[in-house]
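J.: Residue numbers (the working numbering): 186 to 351.
This is the structure I have questions about; it appears just below.
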Ligand code: SF4
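In structure tokens, the structure reads:
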């Protein structure tokens, strides 16, 4: 595994039904620079807050979660810690057979343009909910999203290509 660490804003969750299809584990990353007005998790903005946890320890804890369809990375901004997120994502897919979703305040094209570790993490996903929360676009009827500008992108694992937009 890896000696890498990840900064989390809270404990790992299980059995979530609001962050993607099926029962899902949820990993909350700490740190986001966007500061969207109306953000539901402003306590996750500070890059020095939360707790640093070894990636190995995260994986060990996730392996105790039975009956999950997948894992969703929430924030904070998961793409500010793309290397650690990718290690965990790949481990969950390979060792637990889970599908992998992530939220991001970045839009898909920004992540593609960024390349590097951000794009590598994106290629490990099955779905991305992209874009920042925009208060003026707020819509409580949307599935898994808070505002109308956010898209649920179903991705081709391994290439990052968009298969379908929901
Ligand atoms: S991108 Fe997400 S976590 Fe960051 S400020 Fe906006 S809504 Fe909050």
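Just so you know, even glycine gets a beta-carbon here, dropped at the ideal spot from N, CA and C.
1) Mapping the DSSP letters down to three states, classify residue 276 as helix, strand or coil.
2) Should residue 301 and residue 262 be called a contact, given that it needs their Cβ atoms to be closer than 8 Å?
3) First and last residue of the beta strand (DSSP E) that includes residue 259?
4) Where does residue 199 fall in DSSP's three states?
5) Assuming the contact rule is C-beta atoms closer than 8 Å, residue 303 and residue 310 should be a hit. Round their C-beta distance to whole Å, please.
6) Using DSSP's beta-bridge definition, name the partner residues of residue 236.
7) Indicate, with yes or no, if ligand 1 has a heavy atom lying under 7 Å from the CB of residue 322.
8) Does DSSP put residue 248 in a helix, in a strand, or in coil?
9) Is residue 270 near ligand 1 - that is, is its Cβ less than 7 Å away from at least one heavy atom of it?
10) Report the rounded CA-to-CA distance for residue 319 versus residue 250, giving the unit in angstroms.
11) Candidates 268, 283 and 322: which alpha carbon is nearest residue 211's?
T.: So, from the listed chains and residues:
1) helix
2) no
3) 255-259
4) strand
5) Wrong, their Cβ atoms sit about 11 Å apart, outside the cutoff.
6) 193
7) No, the beta carbon of residue 322 sits no closer than 7 Å to any heavy atom of ligand 1.
8) coil
9) no
10) 33 Å
11) 283
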